[in-house]
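Protein chains in written order, with my numbering: chain P, 1 to 351; chain C, 1001 to 1351.
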């Protein structure tokens, strides 16, 4: 059913103003009474009038604000992500409205507040959200992109690194490096990053017919990670390798083992991390780590977000996307490595 | 000249609505037409009517957004500051609208944009602003608080650590620790932090009749800092102590000296930093550093900001404040220390 294109004449009639007033109402900086402008915009919306890009953005009343929730900034990974996404938003004339919150309920309370602002989109970095809030966003036409976390909210897009493959790769790498007592230091157990990394790691060990020797929980916290690793090392049969679920914990573990227990890495124990953050690359640590492609994640996040915002403006449907970006195991000095290993290491095709 | 208190009857008359409509217009959630509400609020503003706190916030149309500009997040000091200030804002029902920008002109362009949003206040962390923008904020009734930077904008409040005293203390500390060839590694030279730290450092050396042995510029950047320090160490008479203008540079310098030059800290050269960030406290670095009291700075920033916002709402004048918060020289293992030195070190009363 083709409809006649709505013109400014229709809008002028509907709003009870002159055609020139409609034109001025859609010209930024033009002289027009606020009340007239308001009436014109209402009429335009009700008729579906679309004069041009600028006018569209006026009609849709975009706030040019992107809500962004982050759980904690002490892990180096997140400041990088926040700055990168903020820079991408600014390039497009948008700015980030920040919500700092822990994991779980507190985060959901803050996200409720985010919706009180007229945000055009919502980015969750390291924060999960309840299905209820995801649904509220969806109903309000606010696209949601989760970075480095997934949840079962079907309406939210998800951008992640290759957590499961990374865990599996590290398992093969440690077994082929000759380790016999392999341990896992978990992050926050209910997070998707920990779940996926651990699942991949356990699957990789099983593929090699190796059982996990020890496990502790570091909750992605430096102090808890150090304590957990020290406790594992003080057992009668300490691990000869520990996969720490992120670099933030791996750094704390290396410091504690070296300085509190006088141990050598990797001579006494190999340490492998995840994320490949800046400090993991510092020569003092030189941590073997599965990389998260931060720049690619930032780009995928902004593209997914702004495509969805454009679709929302056009009144078109937008399918939530799930994008997994490839990482690689960067081999450095904190681990005993498989024979013939280069700067990076990948599962062989048959594995 | 006492004025009769403006009542809701006056507002109703001015707006041409019933008194009950005025009441409903100021009751959140009450049923009232948007146009009526608008007319009542305009009348209330023009008469200076102040029904109560909630109504005041409606009248003044606070956006409950605080603009916050940060220059770069890779130095650990800033993520801590951003998170702390965001948490403080959230406690008061406000949220941070983030502006990421480098130093200088780019920052000023972003700050121009900040004013296009209806922010209630502006926090600049490690960003200076031009007098022109400061004046625009002042004219618009938007309080500005600068954290860890000062500029000559008289209308902006300034919250800093004790940069000059810190530099002076470090000079005395190094001389009394027996160092003979003392060097300075500068940050970005046009920043107030570098200027004040260096000024204090030079004054302290002069008080001890010591001349600066060498100087390089690291621009608060890890790579440039490492290069500058390595170059100073490769001269015929290398320094026996380097004061790095912040810890972010001191860490990079320690890594480069140890791993690229095979030097020992402090045996071959003492390293002192500034800020006392998390990684400076890691046992691998254990950097002697003059502390910036981050928590106190966060608190002073939010108090100054929200007092000024309240004043703006009440139509009262608010004097810009300059608050210098005390730090202390935290003595760790990266420096040869004066005899009898404890965990901290301060200038003696006579100094």
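Ideal Cβ positions, reconstructed from N, Cα and C, are used throughout, including at glycine.
Which of helix, strand or coil does DSSP assign to residue i?
i	result
residue 76 of chain P	coil
residue 1095 of chain C	strand
residue 112 of chain P	helix
residue 1031 of chain C	coil
residue 334 of chain P	coil
residue 1006 of chain C	coil
residue 1191 of chain C	coil
residue 1151 of chain C	coil
residue 1245 of chain C	coil
residue 274 of chain P	strand
residue 1261 of chain C	coil
residue 289 of chain P	strand
residue 1235 of chain C	coil
residue 1217 of chain C	strand
residue 1017 of chain C	coil
residue 183 of chain P	strand
residue 267 of chain P	coil
residue 1086 of chain C	helix
residue 173 of chain P	helix
residue 1295 of chain C	helix
residue 127 of chain P	coil
residue 284 of chain P	coil
residue 1201 of chain C	helix
residue 1058 of chain C	Here the model assigns residue 1058 of chain C a pLDDT of 47, short of 50, so the residue's position is not dependable, and the following value carries that caveat. Helix at residue 1058 of chain C.
Measure from the C-beta of residue i to each C-beta in chain C and report whether the shortest distance is under 7 angstroms.
i	result
residue 280 of chain P	no
residue 211 of chain P	no
residue 83 of chain P	yes
residue 255 of chain P	yes
residue 369 of chain P	Here chain P has residues from 1 to 351 only, and residue 369 of chain P is not among them.
residue 283 of chain P	yes
residue 305 of chain P	no
residue 331 of chain P	no
residue 41 of chain P	no
residue 138 of chain P	no
residue 96 of chain P	yes
DSSP has residue i in a bridge; who is on the other side?
i	result
residue 1158 of chain C	C:1146, C:1322
residue 1211 of chain C	In DSSP, residue 1211 of chain C forms no bridge with anything.
residue 345 of chain P	P:329
residue 1251 of chain C	BP columns for residue 1251 of chain C are empty, so no partner.
residue 1121 of chain C	C:1066
residue 100 of chain P	P:70
Would you grab the beta carbon distance between residue i and residue j for me? Rounded to a whole angstrom, and I think it's under 8 angstroms.
i	j	result
residue 134 of chain P	residue 145 of chain P	At roughly 11 angstroms, the Cβ-Cβ gap does not stay under 8 angstroms, so residue 134 of chain P and residue 145 of chain P are not in contact.
residue 6 of chain P	residue 22 of chain P	Their Cβ separation, rounded to whole angstroms, is 11 angstroms, which puts residue 6 of chain P and residue 22 of chain P out of contact at 8 angstroms.
residue 163 of chain P	residue 200 of chain P	7 angstroms
residue 64 of chain P	residue 95 of chain P	7 angstroms
residue 1148 of chain C	residue 1131 of chain C	About 19 angstroms; that fails the 8 angstroms criterion.
residue 248 of chain P	residue 222 of chain P	7 angstroms
residue 283 of chain P	residue 1259 of chain C	4 angstroms
residue 1290 of chain C	residue 1178 of chain C	Actually they do not touch by this definition, with Cβ atoms about 19 angstroms apart.
Would residue i count as contacting chain P if we go by Cβ distances under 7 angstroms?
i	result
residue 1268 of chain C	no
residue 1016 of chain C	no
residue 1259 of chain C	yes
residue 1301 of chain C	no
residue 1079 of chain C	yes
residue 1248 of chain C	no
residue 1057 of chain C	Any reading at residue 1057 of chain C must be qualified, since the residue scores a pLDDT of 44, below 50, and its modelled position is unreliable; the value itself is stated next. Not closer than 7 angstroms to any Cβ of chain P, the Cβ of residue 1057 of chain C fails to qualify, so no.
residue 1036 of chain C	no
residue 1054 of chain C	Any reading at residue 1054 of chain C must be qualified, since the residue scores a pLDDT of 41, below 50, and its modelled position is unreliable; no value is offered.
residue 1294 of chain C	no
residue 1230 of chain C	no
residue 1100 of chain C	yes
Can you list the residues of chain D that residue i reaches, using a CB-CB cut of under 9 angstroms?
i	result
residue 88 of chain P	As a matter of chain content, chain D is missing from the structure shown, whose protein chains are P and C.
(message) What are the residues in the region 1107-1123 of chain C lying within 9 angstroms of chain P by C-beta distance?
(response) 1110, 1113, 1114, 1116, 1117
(message) Can you pull out the residues from the region 136-170 of chain P whose beta carbon lies closer than 7 angstroms to at least one beta carbon of chain C?
(response) none
(request) Could you list the residues in the region 59-74 of chain P with a C-beta less than 9 angstroms from some C-beta on chain C, going in chain order? (result) Flagged, chain order: 63, 64, 65, 67, 68, 70, 72, 73, 74.
(request) May I ask you to list, following chain order, the residues of the region 170-187 of chain P that have a beta carbon less than 8 angstroms from some beta carbon of chain C? (result) Per Cβ criterion, the list is empty.
(request) May I ask you to list, following chain order, the residues of the region 334-351 of chain P that have a beta carbon less than 9 angstroms from some beta carbon of chain C? (result) Listed by position, the residues of the region 334-351 of chain P near chain C (Cβ gap below 9 angstroms) amount to none.
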